[in-house]
Every structure is written in structure tokens, then in C-alpha cells.
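Residue numbers (this note's numbering): 4 to 634. We put the CB at the ideal spot given by N, CA and C, even for glycine. The block underneath contains the structure these notes are about, expressed in C-alpha cells.
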Amino acid sequence: MFAFCGRGGDGSLTTANTLAGIGKLLGVCPHGQRGVESNIKTEPTELWLRLASVPIACTSGLLDVLVAFDQSAIEDEEGEGRTLPITQMRDGGVLIYDSSPRLLYPNMKHELNRAAADAILREKKILVFGIPMAQEIMRRFGANAYVTRNAVAIGVIAELFCLPEKACRAQLAREHKGGTRLEWNIAAYEFGRQFTREQEWKLPGVSFPESAGILEECQLTLGGNAIGLGALVAGCRNYVGYPITPASEVLEYMAENMPSPGVVVIARSQDPSPEEVAFLDRIQQTSGVLIQEMSELMAINQLQGAAIAGARAMTATSGPGFSLMQEGLSAGGIGEIPLVVVLSQRGGPGTGLPTRTGQEDLLFSIFGSHGEFPKIVISPKDLKEAFLFAVEMFNIAERYQTPAILLTEQAVAQGLFCSRAFPLDQIAIDRGKLLTQEELDSLCASGTPYKRYEITEDGISRRTIPGMRGGQHLATTNEHDEFGSAIETIKNRLAMTHKRMRKFEVAAKDRRLPQPRVFGSKDARFGFITYGFPTNATCEAAAHLEEQGTPTAVLQLRTLWPFPEQAVRAFLRGKDTCFVVEQNYTKQLRRIIEMEVVGPRSRKIKSILRYDGRPITPEDVLEQVVKGGLN
């Protein structure tokens, strides 16, 4: 477990990404999380990178190697109440720091004062290696080369862990694309390795993970990118959005990769399967439209128009933007419009913590918007699910002709994951009751007029695209009859309300929605219930409890609404204690479980919470289990 600590603009993120890329080339599984402030420069920055010989999807609360570019790693200078990375180091860990004297640079407290951490260093027997990173780089190339000191750190790590030269240089070349920038970074990397050799530094108790056999072709990317790719594979050809952290990764990915005529935008594997070739060729058949709108209000309204017109369309936002979209979502509910919205949660309220994670919008995603209408909410835990669920959101929205929300969080959207090739053979496109022109002609020939909002047994009406012969109808947000004409009679109101809500009843029984998953011991009397990113840390904590002799099970909820009442009830049956793990203060998932399943006074349900904006770790879960959780 590595941490890279400095200031915004220092290149800490680049260091973490470079080492992650080297690890991937060596067959190791990386996972990274950002700990950055919502400013451009000068505030403390922490990048956490975990490397393992087995697939992982969460960081650990215990550090093996700390790379400190400045004092923020060992001292809380501003009194923020931060958990200092130096305090999270394992006994016998490694501290690598920039020993350069104070330099003229806009970052504060560049010079690291070891005396502030001497007590911890001695107590934990931490190996300390100081190298004049910035001083040497600026001496060689001038002040503008300052940020390439991160490559010095890579050189030190590479030499300490005996990493192959070929992989290190290949990753640096991949990132810096030639020219002066690559020249500086290679020189900085070489200086780091050479300095380490000259000092004869050794690591007696820390080793680099062994290869997990992960192929170079495996994806190392952000969760937000996987959502964007899933949308493209699903046939999304209209994206309307407004930049907002942490949903901007989806917007940026779509902007870079939305198909244009004759342009191949998604790279194939070195040896692609016929299925992969077919999917990627299909993606290129039609060009798309991406619009950065003036606000989330305009985005959701344009999304309605695109969906009515028959496009598979999507937007992505976070809490403040989702607030602005509520009227549009409600309009999609009564208009039976297949809207796909990605809600990437962050710390709130208000502007809150834009760059931090949280799960504070679960209830909002389910119960937001005025009025009653069916809404479907699903949530991924990692890269593979982010991709697959993004595809499925379009099927769900069109199958039920209603808003569908992909609920994720900063730790997934901006988290760095490694995954084997996405399972393209599992992809199926379902456009629901979308009539073809031939079917519509047959209907009209029978003398039956087309009814866009026809009352049916399952509540789902046949849909047409504007311009289809015989498919004329009114699209409206007023209460309406089967043709779309505004009518406010009691009889019509009840009929249409029941029609719309029948879709929700059908969806609740739909096994095609992502079903809950159970990990661990089948007959365990001790369990956890969670969703989204905390699932990864919870499963790892549960595995530790199993190793200690406590049979444990984890229930991951993937479809959150309609709520999987029967699955939760079955999981709780036979459990003595069950912890609900989530990242908010108000116990939102637990409240839904109490509302839908157990009632408000169940003695077996307890909570494990974290709501400081940092991703929950296995150590957090285990610590709160020992304390008994929260009632």
C-alpha cells in the first residue's frame, strides 16, 4: 500500500498513476483513490495506491510506503483534523521524502521537517530515505521542470523494489509522449535509481507483489470511464451534460469517444475476439451528439427531447445538479420518457465536498422529484459493474419507459481500477415495446388507432418515434388520456396512476434487473448489508473475520429501487447480528431496510458508518465491528 502526499499541482497523482501503470505491466492488480481538495494548487493532496497479487477494489488503512513531497504527510499544519498518513504506516514501513531545502515555489511548507515525526518513526521502526528531488531537477533543467520530481520518486521506488527497467521506461514513455517532457522525466527517473544505488538503500521487510497473471491488455481506468464506455456500447448517441465533480469523468470520456463518421474511437485488443470486433464495428455505424449545456436544468430538458425522438440518451451529474433536475425527472415520469441519469454522489449539503466521496443521496435518488411515478435505481461497486450497469440502464429505461438512475459515488467514478476485458458476450440490447414501421402499419390497417399511453396489463404502452407514419401522439407533462390529450377527470386520473405504477410492480419481479449478491458463508449468523463502493471493503473485512474463525456473509444490494425486500428478508433470516455499512450520517440504507423489511426497532440491525468524505476501508469496518457498531 502506497501513499503519495504533497500539494495540489505537485504531480502526486501522476506519480500514483505511473506506478499503477508499471504494476499493471508487471501483472500486478492496482487500485487507486484520490484525496484531493477542491482547489487547483497549494492544498494538501493524498493519492492512495494499492498493489496486490489478487484482484482488489479498495484501499487499505495501513501504509507500507509513504512518499512525502512536503510536510503535509507528517504534520497537520492548518489544524484540519486530518488523519496524517505517517500515523497510518505499518511497523517497518518505508518513508521516502524530498530532502531539498526550502525553494521558491508557490506551495507552502515544501521542506520536510523530520523532527515532527521522529517519535512515530522510532516507535514504528520506519525506514527513512531522503533524496533532494526538486533541488536536483531544478539544477539540471530549471524551475519549470520542478514537477518532474515525481519521476525521481518512481526511480527510487523502482530501485528499492528491483522493478525492471523496461517496464518503468515503457510506462514513462506511454505517459509523456516524447519530446522535452519525456526527456526530463527519464532523466529524473534515472537520477532516482542512481541515487538509491549509490546510497546502498535496501528493503529487508517490504516486497513488491508477485504477478497475478493479469495481461497487459486488461483495462486500468476510472469508474467514470467504464460508465461512458458502457453507454457507448449500449448505443448511446446523445449525451447532454454540465461539468460537475465527480461526474465530469463521464462527460470527458463521452466528449473524447462519442463516435464520428469514419473515426475509430475505441481501441481493440491486440487479439480481439469476433464478438468484440462486431460490437466495436456496430458502435462506429452511427455518429453521435454531445452537448455541454448551460445548466443541469437545460441538460435534463434536452435529454427528454432526445429520448422522445428515439435516441438512447444520457446525462451525468452530482448532488447540486441532480437537485436542479428534479422537475425534469418528474416530467419524464408522467410522460413515460426513458431517461438515463448517472448520479455520482459526493459529500454535501450545498457545494459540500466536491472532490470527496459519500453516499448521502440514496434517499434523494429514490424519493426526489414531486409526485409519484416509477423510478429504478441501481448501483455498481467496481469497474466491471460500472460498465455492465451502464449498458443495462438503457435497457431498463426503455423497457419500462421511465427514468432510470445509475447511482454511483466519487470513490467509484474517480477511483482507479484494473479489470480483465469487459464481458461483451453478456451484452444484450432491449428497446422494450418500440414499434417498427411495419408493426405500426399493421396496427393502423386493422382500424385500431395508435395510443401512446395505452392502458395495458403490465402498464407499459407501445412506443413510437416521431415521424413514423401513423404514430402521431401528444407528449405532455399534464395528466392525460391514452392519446396524450390533457384530461383531469377522476376516472382518467386513477386509471393513469394505476397504469404507471403497475410498471413498478412488474419491475420489482424482473429478474433481469441486477440481483443482490451474497458473499461469504452461506449459513453465517453474522452478516453485513451494503451497496456500491463500500461492498469492496466490507467483503475484505468479512474475509478477515472468516480467517479468524467467525463465519460471515455479505449481502450486496445492486438494485436499490424497487427494493429487493425478499432477498433482504431471506438474508436476515438466521442472522444474530447484521451490520449495515454505508457512507452517510443518517443511516439511509438502514432506514429503507427498516421501512421495507424489519421495522424500526430490530435488535439485530446495527450500523457501520463513515461520512468524512474518505473511502471506507476494511480496517474501518473491522474497527467498528469490534466496537459493536451503532444502534
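Around the C-beta of P341, 16 or more other C-beta atoms lie within 10 Å, and the residue is accordingly described as buried.
Two segments are said to touch when three or more pairs of C-beta atoms, one from each, lie closer than 8 Å; by this definition the region 65-81 touches the region 91-106. Taking a C-beta distance under 8 Å as the contact criterion, Q440 and M471 qualify as a contact pair.
When DSSP reads this structure, V209 sits in no beta bridge, so it has no partner.
When DSSP states are grouped into helix, strand and coil, M92 belongs to the strand group. Taking a contact to require three or more Cβ pairs closer than 8 Å, the region 526-544 and the region 490-506 do not qualify as touching. Within a 10 Å sphere around the beta-carbon of Q591 sit 16 or more other beta-carbons, which makes this residue buried.
Taking the Cα of Q36 as reference, the smallest distance to any Cα among P537, Y456, E49, G26 is reached at E49. When C-alpha distances from M136 are compared across V629, F164, W187, the shortest belongs to W187. Minimum Cα-Cα distance from R617 among the listed residues Q569, R200, G231, R85 corresponds to R85.
With a cut-off of 8 Å on Cβ pairs, the region 161-176 is in contact with the region 16-35, counting three or more such pairs. Beta-bridge pairing by DSSP links A546 to no other residue. Annotation for D461: R505, K506, V509 place their beta carbon closer than 8 Å to its own, counting only its chain and skipping 5 residues before and after.
In terms of Cβ geometry, L419 and H179 do not form a close pair [threshold 8 Å]. Judged by DSSP secondary structure, V584 falls within the beta strand (DSSP E) whose first and last residues are 580-585. For the 8 Å CB-CB criterion, A416 and E252 form a contact. The three-state secondary structure of E49, taken from DSSP, is strand.
Sequence-distant Cβ neighbours of E213 in its own chain, meaning closer than 6 Å and more than five residues away, are S56.
The continuous beta strand (DSSP E) containing T562 extends over residues 562-564.
Excluding its 5 nearest sequence neighbours in each direction, L548 has C-beta neighbours in its own chain below 6 Å: T555, listed in chain order.
With fewer than three CB-CB distances shorter than 8 Å, the region 373-391 does not count as touching the region 306-314. Rounded to whole angstroms, the gap between the alpha carbons of A148 and M141 is 6 Å. Note that the C-beta distance between F582 and L558 is not below 8 Å. Unbroken alpha helix (DSSP H) runs of no fewer than 4 residues, entirely contained in the region 117-184, are found at 121-126, 136-144, 152-163, 168-179, following chain order. In this structure, Q91 places its C-beta atom within 8 Å of the C-beta atom of L66. Residue state for C61 is assigned as coil, using DSSP reduced to three classes.
For K609, the secondary structure class from DSSP, reduced to helix, strand or coil, is strand. Across the structure, E162 and G95 are spaced so that their CA atoms are roughly 18 Å apart. With contacts defined by Cβ atoms closer than 8 Å, G322 and S372 do not form a contacting pair. Beta-bridge partners of R85 (DSSP): none assigned. The three-state secondary structure of D101, taken from DSSP, is strand. If you draw a straight line from the Cα of R455 to the Cα of P88, it is about 59 Å long. At a cut-off of 3 residues, the continuous stretches assigned as beta strand (DSSP E) that sit fully inside the region 381-459 are 407-412, 419-422. Annotation: I157 to N634 spans about 46 Å, alpha carbon to alpha carbon. The beta carbon of E599 sits closer than 8 Å to the beta carbons of F566, E568, V571 from its chain, once the five residues preceding and following it are set aside; these are given in chain order.
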